[in-house]
């Protein structure tokens, strides 16, 4: 799985907005929600653990295998890691057949479906390191008042700049945009024959960062209320439409690119709004392009905003060895494990205690981690992925569309899910 589509690298915490998932089967015969874990009711046995992951490549698979093997050796519990060819399909099939993996990667848009049908163990409150996770990440995996699983890592969006194009345009560090007006100005100055000043994918998973900075977003923090028609969202889309209309920005698809990173790497855009997963593409596919990452400029009221993407470690309600599974998850989300994962395949740790060490080792990427303080998660409401997909289709024509009309339609679609 590549890092450049909306379904970006799972290892980077970014399997999001992947479309609807058919959630069949029901864990343990529960109805009306999943069981909550407490120290006395976790299953325990000598059964080995099966771990299902969606890997971004050999580096991620090797790193997870190494961490699990280390835990297995220390705990005495056998464990096997399987890298899925299609995580959503294999996870769904496992639940449907009554033999799901014990521990698995779980995306935000899949949480509500599996939690509501009883497939998941709500073990979050039993985590010894619960208070170490970033609060915004915990919100992404809280459903019906229960914290279901531990965020495994995460990514945010920020502004990535081609430093050679920046210098050629006569710009210096003093010109790094801190406001939307400044971003518009440098985008215009950077636009020249053969490239535009700014690009990004024409989808909520990029444009949404401007919505957050304007005080908006598609839904509130716990996805219990639709907010797509909020005034801030109209302001944000009006701003992006203005950049498109002025010619200083084009969506990646309009530049003949599959995603923003490709538009940036092929130097069809001097700046791009992307996540920290872009670093892998740059080093592998565009090693000669020099760049730097900076925080996205603040919105109209001086508010910073970005989107965050994350996965968690789910535990099956049907697991025969939940106690060992929980112990494994605590090992996999420890500072040592997460820093090793980061070094191996690039994700940012989901715990605050690893931040200083990560920043020291990844000085050029610090703006992405800084985003944790003001990032907003994507909607987790069951069915919201389909609404976002429809929204994305409309955003692709934003240059000629009406922002309020687009947002009003999305509002109605989200409200229908809440009924």
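Residue numbers (this note's numbering): 4 to 422. All C-beta atoms in this analysis are idealised placements derived from N, C-alpha and C, irrespective of residue type, glycine included.
For residue 58, the secondary structure class from DSSP, reduced to helix, strand or coil, is coil. Beta-bridge partners assigned by DSSP to residue 152: none are found. Within the same chain, and ignoring the five residues on either side of residue 141 in sequence, the residues whose Cβ sits closer than 8 Å to its Cβ are 127, 133, 150 and 154. Just so you know, the alpha carbons of residue 208 and residue 310 end up roughly 7 Å apart. C-alpha of residue 345 to C-alpha of residue 102: approximately 31 Å in a straight line. Per DSSP, the continuous alpha helix (DSSP H) segment holding residue 93 begins and ends at 90-100.
Here the C-alpha atom of residue 194 lies approximately 4 Å from the C-alpha atom of residue 200. The continuous stretches of alpha helix (DSSP H) do not include residue 46, and DSSP gives it neither H nor E. DSSP, read as helix, strand or coil, puts residue 277 in strand. By the neighbour-count definition (other C-beta atoms within 10 Å, threshold 16), residue 92 is an exposed residue. The DSSP-derived three-state label of residue 110 is strand. The beta carbon of residue 294 lies closer than 7 Å to those of 163, 164, 165, 166 and 285 in the same chain, with the five residues before and after it left out. In the three-state reduction of the DSSP assignment, residue 316 falls in the strand class. For residue 200, the uninterrupted beta strand (DSSP E) segment begins and ends at 199-203. Sorting 403, 104 and 386 by C-alpha distance to the C-alpha of residue 413 places 386 at the top. Taking C-beta atoms as the reference points, residue 110 and residue 86 fail to come closer than 8 Å. Just measuring C-alpha positions, the residue of 400, 394, 419 and 388 sitting nearest residue 115 is 388.
Annotated three-state conformation of residue 409 is helix, per DSSP.
Collapsing the DSSP output to three states places residue 383 in coil. Put simply, of 231, 217, 339 and 282 the residue whose alpha carbon is nearest the alpha carbon of residue 69 is 339. Under DSSP, the beta-bridge partners assigned to residue 158 are 312. Unbroken alpha helix (DSSP H) runs of no fewer than 4 residues, entirely contained in the region 120-145, are found at 138-143, following chain order.
Less than 8 Å divides the Cβ of residue 203 from the Cβ of residue 275.
Exclusion of the five residues before and after residue 237 leaves 406, 407 and 410 as the residues of its chain whose Cβ lies within less than 7 Å of its Cβ.
When secondary structure is reduced to three states using DSSP, residue 81 falls in the coil class, being assigned neither helix nor strand. In the three-state reduction of the DSSP assignment, residue 182 falls in the strand class, which pools E and B. A Cβ-Cβ contact shorter than 8 Å links residue 104 with residue 53. With 16 or more other CB atoms across the displayed protein chains lying within 10 angstroms of its CB, residue 143 is buried. Between the beta-carbon of residue 322 and that of residue 341 there is about 23 Å, and that puts the pair past the 8 Å contact cut. The alpha carbon of residue 244 has as its nearest neighbour, out of 213, 265, 259 and 231, the alpha carbon of 213. Per DSSP, reduced to three states, the secondary structure at residue 52 is strand. In the three-state scheme derived from DSSP, where H, G and I count as helix and E and B as strand, residue 104 is classed as coil.
Rounded to whole angstroms, the gap between the alpha carbons of residue 118 and residue 377 is 27 Å. Residue 165 is bridged by DSSP to 294. Per DSSP, reduced to three states, the secondary structure at residue 347 is helical.
Within the model, the alpha-carbon separation for residue 215 versus residue 288 is close to 31 Å.
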